[in-house]
Every structure is written in C-alpha cells, then in structure tokens.
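In full-length UniProt numbering, the protein residues as written are 1 to 105.
We put the CB at the ideal spot given by N, CA and C, even for glycine.
No experiment lies behind these values; they were computed from the predicted model shown.
Data first, discussion second: the structure below is written as structure tokens.
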C-alpha cells in the first residue's frame with residue numbers, strides 16, 4: 001500500500017494555525033500530532049462529548065478551537081453540523097433543526 005512508506009512521529013507538526021495579528025503580523029504556530037490529540041482528549045473528558053452529541057461548528061476550521069473541537073467530536077463519534085459561515089439566524093436554525101447539543105463560541 002502507498003501509506004506503508006509514510007512515517008510520522010507524535011512530535012511532528014500536524015497543523016499550522018495563524019494568530020490573528022492583533023499585536024503585529026499574523027504568525028504561524030505549529031501544533032504537533034500529540035498536542036492536537038491531547039487537547040482533543042481533554043475536551044472529551046472535560047465537556048463529556050459522546051456519540052450521542054450533535055456538534056455545530058461555529059468556529060472557523062482554520063482556528064485551533066474549530067480544529068480541536070471538531071477532532072474531539074470525531075474521536076467521540078458524535079455528529080457534525082456545518083454552516084457556511086457564522087450568522088446568528090443560521091446558527092439558531094441549525095440548532096433547532098439538528099437538535100444540536102454542543103458548540104463553541
């Protein structure tokens with residue numbers, strides 16, 4: 001298989017997120033595989049995500065909050081609801097129609 005030659009290590013970079021640049025130019029922040037997994041496991045433990053949850057993605061998927069929460073919900077086996085961009089009316093409609101149990105703001 002193609003993937004048999006791919007090798008990764010827990011400390012390798014999994015994703016690069018960029019700061020908002022409020023105090024200067026935006027900076028790339030590297031996040032390792034293990035850091036991303038540990039953060040997601042912590043969210044599962046603290047929030048208590050389960051396969052019964054329905055998660056509304058309100059944070060951008062390019063933001064660490066959106067990435068780690070999305071990964072945590074994937075790891076827990078829950079359902080994901082995506083909206084094109086955050087708008088209060090659209091979010092309220094998605095919450096009602098999909099019986100959303102969790103989101104981050």
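Residue 20: not part of any alpha helix (DSSP H); DSSP gives it neither H nor E. In the DSSP secondary-structure assignment, residue 55 is bridged to 80, 102. Under DSSP, residue 28 takes part in a beta bridge, and its partners are 18.
Within the same chain, and ignoring the five residues on either side of residue 19 in sequence, the residues whose Cβ sits closer than 7 angstroms to its Cβ are 26, 27, 29. Here residue 13 is bridged, per DSSP, to 32. Within the same chain, and ignoring the five residues on either side of residue 32 in sequence, the residues whose Cβ sits closer than 7 angstroms to its Cβ are 10, 11, 12, 13, 14. Between residue 38 and residue 98, the C-beta gap is not smaller than 7 angstroms, which leaves the two residues out of contact.
In the three-state reduction of the DSSP assignment, residue 43 falls in the helix class, which pools H, G and I. Out of 68, 76, 102, 91, the CA that lies nearest to the CA of residue 34 is found in 68. Listed in chain order, the non-local C-beta contacts of residue 82 below 7 angstroms within the same chain comprise 57, local neighbours out to five positions each way being set aside.
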